[in-house]
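A quick write-up on the structure given underneath.
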Amino acid sequence: MLADGEFDKALVGDGIEVWVTQMGAYMNMNTAFIDRENEIVVIVDPFDSVRWTDALAQEGLNPTHLLYTHTHRDHVAGYSSMIELNPDVEVWGHEDARVPDLINHVVFENVDFDRTWKNAPNTSVEWEAGSISLMVTHSPGHAPGHVTIHGHGVYHAGDLLFTNGMGRVDLPGSSPRDQWSSIRHAKNILKSLPEDWRLIPGHRYDWIDGTTPDWVRIGDALSYNYALNDPSLG
Ligand SMILES: [Fe+2]
């Protein structure tokens, strides 16, 4: 189990490094994809910009891209200082995550995306930088413009799915109906991926056996996650 701010660093067979950490009181999970040859560092939902920037600098790396699963305050906590520390970083999110009508609500925080995805719910677009290739799936329900991001051995679920459950649908902008549609679609994606890929949740919560793993195998999530096994999904 990762300590707060501890990094797990894995080299995927295709030469891309994947770093995973958990940070903060809500145990937010962050994932980074690193292509050293092309000096590209893509971070999903960085929580603490100083710790991320320092850890990367120790290895001669700088963040180049930030990808946001959604714009809830805890997921974009690192945004402001990250762009101060790394002014050239390119910031991405889904167009619907701009939430102009909800941005003043306490659960959201503004992010000035440089670029946005505009794909319809339950469709995916490919996102590439250097040798990094990710699929970004629009998965609304927990929050408008929520996306999941998968590639290079991981499925970063954001708050769509946790190891054993799913994200809240009682917040401003939430839609239980959209969430279940997104869960149904996610299940199909997960079934198409290798079972031993890691499902990285947006937060680290309890697993079925009372332990609190940082991630679970996709095969185990498909077998035991209660949302993915809801009878209504058929
Ligand atoms: Fe959230």
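Numbered per numbering that gives the first Met the number 0, the sequence shown finishes at 233, counting up by one with no gaps. Cβ atoms here follow ideal geometry from the backbone N, Cα and C, with glycine treated the same way.
query                                                                                                                                   : result
Segment limits, beta strand (DSSP E) that includes Q21                                                                                  : E16 to M22
C-beta contact flag for G201 and D44 at 9 angstroms                                                                                     : yes
Heavy atom of ligand 1 within 8 angstroms of R167 beta-carbon                                                                           : yes
Cα-Cα separation between W179 and L170, rounded to whole angstroms                                                                      : 15 angstroms
Y225, buried or exposed, once every other Cβ within 10 Å from all chains shown has been counted against 16                              : exposed
Pick from I131, T210, N228 and T211 that is closest to G218, judged by C-alpha positions                                                : N228
Backbone secondary structure at P230 - three-state DSSP                                                                                 : helix
Buried versus exposed call for S48 [16 or more other C-beta atoms within 10 Å across all chains shown]                                  : buried
Around ligand 1, Cβ to any heavy atom closer than 5 angstroms, ordered along the chain                                                  : H71 and D158
E108 (DSSP reduced to helix, strand or coil)                                                                                            : coil
Status (buried if at least 16 other CB within 10 Å, exposed otherwise) for V105                                                         : exposed
Per-residue burial, T122 [other beta carbons within 10 Å of its own, 16 or more giving buried]                                          : exposed
Cβ-Cβ separation, W116 to V88 (assumed contact under 8 angstroms), whole Å                                                              : At roughly 17 angstroms, the Cβ-Cβ gap does not stay under 8 angstroms, so V88 and W116 are not in contact.
Beta strand (DSSP E) segment containing A119, residue limits                                                                            : Element bounds for A119: n/a, residue is neither H nor E.
When T162, S191 and G233 are compared against D208, the one with the closest alpha-carbon                                               : T162
For W206, three-class secondary structure by DSSP                                                                                       : coil
Assigned secondary structure, V11 (DSSP; H/G/I helix, E/B strand, else coil)                                                            : coil
Buried or exposed by the 16-neighbour rule on C-beta atoms within 10 Å, applied to P86                                                  : exposed
Contacts around D158, its chain only, beta-carbon distance under 6 angstroms, and the 5 residues preceding and following it disregarded : H141, G166 and G201
Limits of the alpha helix (DSSP H) - the one that G218 falls within                                                                     : I217 to Y223
Terminal residues of the beta strand (DSSP E) in which V153 lies                                                                        : V153 to G157
R203 classed as buried or exposed, judged by whether at least 16 other C-beta atoms fall within 10 angstroms                            : buried
Nearest-angstrom Cα separation, counted from N109 out to K190                                                                           : 34 angstroms
Cα-Cα separation, Y25 to N37                                                                                                            : 33 angstroms
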